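The block underneath contains the structure these notes are about, expressed in structure tokens.
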Amino acid sequence: MSDYERVYAQWQADPAKFWAEQAQSIDWIKPAEKVFDEDAGVYGRWFVGGECNTCANAVDRHVAAGHGDRAAILYDSPITDQKARITYAELLDQVNALAAVLTDQGVVKGDRVVLYMPMIPETAVAMLACARLGAIHSVVFGGFAAKELATRIDDARPKVVLAASCGLEPSRIVEYKPLLDRAIEMASSRPEKTIIFQRPQAKAEMMSGRDIDWAEAVAAAKGRVIDPVPVLATDPLYILYTSGTTGQPKGVVRDNGGHMVALEWTMGNFYGIDPGDVMFTASDFGWVVGHSYIIYGPLLRGATTIIFEGKPVGTPDPGVFWRIVEDYGVKAIFTAPTAFRAIRQQDPEGEFIDKYDISSLETLFLAGERADPETIKWAERQLKVPVVDHWWQTETGWVICGNPVGLGLLPVKYGSPAKPMPGYDVQILDDEGVPVTEPDTLGNVVVKLPLPPGALPTLWHAEERFRDAYLSEYPGYYKTADAGKLDSDGYLFVMARTDDIINVAGHRLSTGGMEEVLSEHPDVAEAAVIGIADPMKGQVPLGFVVLSNGCERSEDEIQNEIVAMVRDRIGAVAAFRQLVCIRRLPKTRSGKILRATMQKIADREDWAIPATIDDPVILEEVTAVLERRGLLSRALEEK
Numbered sequence: 001m002s003d004y005e006r007v008y009a010q011w012q013a014d015p016a017k018f019w020a021e022q023a024q025s026i027d028w029i030k031p032a033e034k035v036f037d038e039d040a041g042v043y044g045r046w047f048v049g050g051e052c053n054t055c056a057n058a059v060d061r062h063v064a065a066g067h068g069d070r071a072a073i074l075y076d077s078p079i080t081d082q083k084a085r086i087t088y089a090e091l092l093d094q095v096n097a098l099a100a101v102l103t104d105q106g107v108v109k110g111d112r113v114v115l116y117m118p119m120i121p122e123t124a125v126a127m128l129a130c131a132r133l134g135a136i137h138s139v140v141f142g143g144f145a146a147k148e149l150a151t152r153i154d155d156a157r158p159k160v161v162l163a164a165s166c167g168l169e170p171s172r173i174v175e176y177k178p179l180l181d182r183a184i185e186m187a188s189s190r191p192e193k194t195i196i197f198q199r200p201q202a203k204a205e206m207m208s209g210r211d212i213d214w215a216e217a218v219a220a221a222k223g224r225v226i227d228p229v230p231v232l233a234t235d236p237l238y239i240l241y242t243s244g245t246t247g248q249p250k251g252v253v254r255d256n257g258g259h260m261v262a263l264e265w266t267m268g269n270f271y272g273i274d275p276g277d278v279m280f281t282a283s284d285f286g287w288v289v290g291h292s293y294i295i296y297g298p299l300l301r302g303a304t305t306i307i308f309e310g311k312p313v314g315t316p317d318p319g320v321f322w323r324i325v326e327d328y329g330v331k332a333i334f335t336a337p338t339a340f341r342a343i344r345q346q347d348p349e350g351e352f353i354d355k356y357d358i359s360s361l362e363t364l365f366l367a368g369e370r371a372d373p374e375t376i377k378w379a380e381r382q383l384k385v386p387v388v389d390h391w392w393q394t395e396t397g398w399v400i401c402g403n404p405v406g407l408g409l410l411p412v413k414y415g416s417p418a419k420p421m422p423g424y425d426v427q428i429l430d431d432e433g434v435p436v437t438e439p440d441t442l443g444n445v446v447v448k449l450p451l452p453p454g455a456l457p458t459l460w461h462a463e464e465r466f467r468d469a470y471l472s473e474y475p476g477y478y479k480t481a482d483a484g485k486l487d488s489d490g491y492l493f494v495m496a497r498t499d500d501i502i503n504v505a506g507h508r509l510s511t512g513g514m515e516e517v518l519s520e521h522p523d524v525a526e527a528a529v530i531g532i533a534d535p536m537k538g539q540v541p542l543g544f545v546v547l548s549n550g551c552e553r554s555e556d557e558i559q560n561e562i563v564a565m566v567r568d569r570i571g572a573v574a575a576f577r578q579l580v581c582i583r584r585l586p587k588t589r590s591g592k593i594l595r596a597t598m599q600k601i602a603d604r605e606d607w608a609i610p611a612t613i614d615d616p617v618i619l620e621e622v623t624a625v626l627e628r629r630g631l632l633s634r635a636l637e638e639k
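For the sequence shown, the residue numbers in the UniProt record's numbering are 1 to 639.
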């Protein structure tokens, strides 16, 4: 029996005992009265009655244990040529000072604080300062469009917003403050104060009475000590908004106790990271990977994390990851497959790798979207280390299925993120909710309830929506909204989404939200958006519109206007650039748009005319217009 099989069997035999043992790695102010209470919450709650503080576990306890001189954060910005090394002791001082500033603004336990921040150390300090006070932080990806930010402000109702004056891209400066000001104007629930970190690349205009200068306030609070506020294990640590099928974002709630226990377990057992090791997670704040494995996971473990303000290529070249490995002695890299597709495209022979000493690197982890086998094989050949594909979601907060480095790697099966981790009973159900017993049979991927510690207990102020979105369709199970299969060895293969969420370079985005934008154009009568395969980003959106009768404007002109609308309303992260005008959208007789069939046509997959279609000729027109526009996907040809 392998270590993985032994540990998974221990969890299966007694889940409460298993997680109680893992909880011993966390410092508790008050131990849990009940490890799992099946009568609490929607499907039960973990560590009920326990009291703790996430910031104290991520920072204070390492200083108290004599590790204050160990590097907690390494900041590297090839865009600005800035670098910084922040020890655990220095991080504690910075967190205390910002917590004091927030306290002076009346922030207390349970208050919400929205962060609209770039990839800089101040973002990490802000997250930890909120956690120290028991305040609930919600990080919104820096540069998100004003309307999207306003929607999140209205849902979270923050007392304070923390923001930087700008974020930096390789070729441009993205000024955050004007977007923030517009969002606050649009929001019906407005924060009392905003605290602005002024970056030299773009100084923001400050609004008297509302805006506070971050640096000045922190300097005045330097030396103050704010004791960590005890919170219940079941109290929220943060809200992280993810796209919903209606276009309305869903506020995923993460609690304090279960989150710490789960992440601490993964750091050693899954990622193989020990205290003092250096982990380089190339992701963004505002996405779950940034929360779990740039900030909380590594710091809870007492490891060293890297905050990277750059891109895998272009800052300045496809060798930047390898330069960071050499400079900091990186043990593990965690990033999205799209990053390696970009590196591979620009450096197919791996010539930049040979320029650096990457002997410290032991593992590459990929997640956030499907890792195509060719990208994995290329990385294995070039890096000569294990490449671990693993699968999880914003909602779960940590890996559902993967290949656990810390427990001994399992045999690799390309196209599969391997096997479920302790806490996850992954099953395949047919559309009627009946378990699929035959191996290699495609169905709906679900997780038997209860979900493990660290997974979402609910959505922010939307319990009924939580039930409807995840629990109602298959009673007793959590619906992942992915389709897939289990093979005879218990390996999971995730094949496709089962709803209208598409995955653009690791970012889950709602096509429904994009369709709403398209439909607002005055010349558009009807719209649909699908995700099509892309060799670099995994998926990109493709829009179809039916123009209003009498519209005589050119398709190019309309496309340019709609692309600008999507960029303004949703943001550049949507990567929306292609639009097709069509006579009619293909639909069923009941009026349902055949998006899945359109996607198969665009991706050159086998497809059949649905029995319920109202006019089969329209599908021929879809094929013809995509052929004429050169939009039939080339992604599959490269595999």
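Beta carbons are placed, not taken as given, at the ideal position from N, Cα and C, and that holds for glycine.
Just so we're clear, the structure is a prediction, and the values are computed from it rather than from any experiment.
Endpoints, beta strand (DSSP E) assigned at residue i
i	result
residue 541	538–547
residue 72	71–77
residue 174	172–175
residue 421	Neither: residue 421 is in no beta strand (DSSP E) and is coded neither H nor E.
residue 168	166–169
residue 116	112–117
residue 34	34–37
Reduced DSSP category for residue i - H, G, I as helix; E, B as strand; rest coil
i	result
residue 256	coil
residue 138	strand
residue 53	coil
residue 213	strand
residue 526	strand
residue 279	strand
residue 290	helix
residue 407	helix
residue 352	coil
residue 150	helix
residue 637	Confidence at residue 637 is low in this model, with a pLDDT of 45, below 50, so its placement is unreliable and the value that follows should be read with caution. Residue state, collapsed to three classes: helix.
residue 327	helix
residue 1	coil
residue 590	Legend: pLDDT at residue 590 = 47, less than 50; position of this residue unreliable, value from coordinates given subsequently. In this structure, residue 590 counts as coil in the three-state DSSP scheme.
residue 533	strand
residue 87	strand
residue 581	strand
Expected contact under 8 Å - CB spacing of residue i and residue j to nearest Å
i	j	result
residue 29	residue 51	4 Å
residue 573	residue 36	About 37 Å separates the two Cβ atoms, so there is no contact after all.
residue 279	residue 26	So it is not a contact: roughly 19 Å between Cβ atoms.
residue 102	residue 113	7 Å
residue 518	residue 543	6 Å
residue 459	residue 253	7 Å
residue 283	residue 290	5 Å
residue 199	residue 146	No, residue 199 and residue 146 are not in contact; Cβ-Cβ is about 19 Å, not under 8 Å.
Beta carbon of residue i nearer than 8 Å to that of residue j
i	j	result
residue 3	residue 263	no
residue 632	residue 608	no
residue 276	residue 303	yes
residue 155	residue 135	no
residue 73	residue 428	no
residue 340	residue 293	no
residue 133	residue 229	yes
residue 641	residue 387	As displayed, the chain neither begins before 1 nor continues past 639, which places residue 641 out of reach and without an answer.
residue 231	residue 192	no
residue 405	residue 492	no
residue 209	residue 174	no
Unbroken alpha helix (DSSP H) run spanning residue i, endpoints
i	result
residue 17	15–22
residue 513	511–519
residue 653	Because the chain is modelled from 1 through 639, residue 653 falls outside the range shown and cannot be assessed.
residue 195	Segment 193–197 is the beta strand (DSSP E) holding residue 195; no alpha helix (DSSP H) there.
Beta-ladder partner(s) of residue i, from DSSP
i	result
residue 316	DSSP lists no partner for residue 316.
residue 624	Partner(s): none; residue 624 has no beta bridge.
residue 334	281 and 365
residue 241	251
residue 391	401
residue 443	484
residue 435	429
residue 46	36
residue 82	77
is_contact[residue i, chain D] using C-beta, thresh 8 Å
i	result
residue 281	The chain labelled as chain D is not found in the depicted structure, where only one protein chain is given.
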